[in-house]
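A.B. asks:
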Amino acid sequence: MEFVTFMSVFLLLISTSCFGLSENHRGESEGGLVVVAKKQKEFDYFLLALLWPGTLCQGTNHCCSANACCRSNATTMFTIHGLWVNYNDGTWPACCNNASRFDIKKITPLLRGLQIYWPSLSCNLESTCDGGKGLFWAHEKSMELVPLL
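Residue numbers (mature numbering (1 follows the signal peptide of the UniProt record, and there is no 0)): -22 to -1, 1 to 127.
1. Under DSSP, the alpha helix (DSSP H) around Thr38 begins and ends at which residues?
2. Is Leu89 helix, strand or coil by DSSP?
3. Identify which residue in Arg49, Leu25 and Ser43 has its Cα closest to the Cα of Gln36.
4. What residue range does the beta strand (DSSP E) around Ile82 cover?
5. Over the uninterrupted beta strand (DSSP E) stretch that includes Trp62, give me the two end residues.
6. Should Asn51 and Asp22 be called a contact, given that it needs their Cβ atoms to be closer than 8 Å?
7. May I ask you to report which of helix, strand or coil DSSP gives Leu25?
8. Excluding sequence positions up to five away, which residues of its chain have a Cβ less than 6 Å from the Cβ of Leu26?
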């Protein structure tokens, strides 16, 4: 039941991301090439991927404080691997909201639940959306949480 409550709150928070992005913007470079940048359109659905950490954690060779596989109370249930917005045509937005930097304070009320149901199972993570290496949830963030917290 706690998982259902956590997911309900989390889905409410994430449901406000990536809306109303359908404008085209055009510009010209000096060489006569036209650069077209299309803003992302509204997404069609959420894709929830779950992960069985037991299998992944068996192959853990490197431990760090961020790796939930290395904790004495490692999880023994399915966890969230990701919750991503997708389009019906099989594509997805690369980064929904890259305009703001990740701020851990914005998700502080959710941290306990995130550490249980959506833990990091590695020590290193590259994020193309939030400026490279960083906190696991900075990589997973594809929405702006401020207005709802």
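Even glycine gets a Cβ: it sits at the ideal position worked out from N, Cα and C.
Treat the numbers as computed from the prediction; the structure is a model and nothing was measured.
C.D. replies: Short version:
1. Looking at the DSSP string, Thr38 is not in any alpha helix (DSSP H), and its letter there is neither H nor E.
2. helix
3. Arg49
4. That residue, Ile82, is in no beta strand (DSSP E); it is neither H nor E in DSSP.
5. It spans Thr57 to Asn64 - the beta strand (DSSP E) in which Trp62 sits, taken as one unbroken run.
6. no
7. In the structure shown, Leu25 falls within a strand segment according to DSSP collapsed to helix, strand and coil.
8. Cβ neighbours of Leu26 beyond the five flanking positions: Leu61.
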